[in-house]
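Visitor: First, the structure itself, so that you have it in front of you.
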Amino acid sequence: MQLRFVASALMISGVAGCSGPLPVLARSGSAQLLPFRLGVNVTDPIDAPRHVSEWILFRRAEILTGNSTVIRGGYMLIRNGKIESLGPGDMQPPEDARVVDAAGRFLTPGLIDTHSHMGV
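Going by the working numbering, the residue at position 97 of the sequence shown is 106; the numbering climbs one at a time, nothing skipped.
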């Protein structure tokens with residue numbers, strides 16, 4: 010019985026290997042041109058973040074710290090995409106900072122995926 014199974018598997022794999030020409034879509038390269046037909050240029054580099062000195066201050070936010078602590082009505086200061094400080098209350102923004110009123114919003118500093126099954 011086992012010998013028949015092995016023989017059948019070998020025969021099927023041989024038939025599949027000699028199945029003839031590829032479908033017209035794959036052979037013509039149409040599948041490779043699909044991104045261009047959709048208006049996507051796959052050769053362009055992805056826009057990287059600009060390295061501009063930028064301050065962003067979030068005010069009045071509900072900040073979920075990741076250790077079961079919630080800072081209500083707190084602030085978070087970001088400089089060049091990195092967290093500089095956060096805490097309860099408010100702070101004076103640096104000159105030329107962009108200020109975001111985050112009242113009623115939640116911030117999860119340093120957490121990328123808020124839908125996680127890791128016990129966070």
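We treat Cβ as the ideally placed atom computed from N, Cα and C, and that holds for glycine.
All of these numbers come straight from a predicted model, not from anything done at the bench.
If I follow the unbroken beta strand (DSSP E) through Ile-70, where does it start and stop?
Guide: A small fix is needed here, since residue 70 is Ala in this sequence, not Ile. Here the beta strand (DSSP E) through Ala-70 covers 64-73.
Visitor: Specify the secondary structure class of Gly-90 as computed by DSSP and reduced to three states.
Guide: Three-state result, Gly-90: coil.
Visitor: Along the chain, where does the beta strand (DSSP E) containing Arg-107 start, and where does it finish?
Guide: 107-110 is the span of the beta strand (DSSP E), which, as asked, contains Arg-107.
Visitor: To the nearest angstrom, how far is it from the Cα of Leu-116 to the Cα of Ser-94?
Guide: Whole-angstrom Cα-Cα distance: 13 Å.
Visitor: Assuming Ile-92 contacts Gly-75 under a Cβ cut-off of 8 Å, what Cβ separation, rounded to an integer in Å, is found between them?
Guide: That pair is no contact at about 12 Å.
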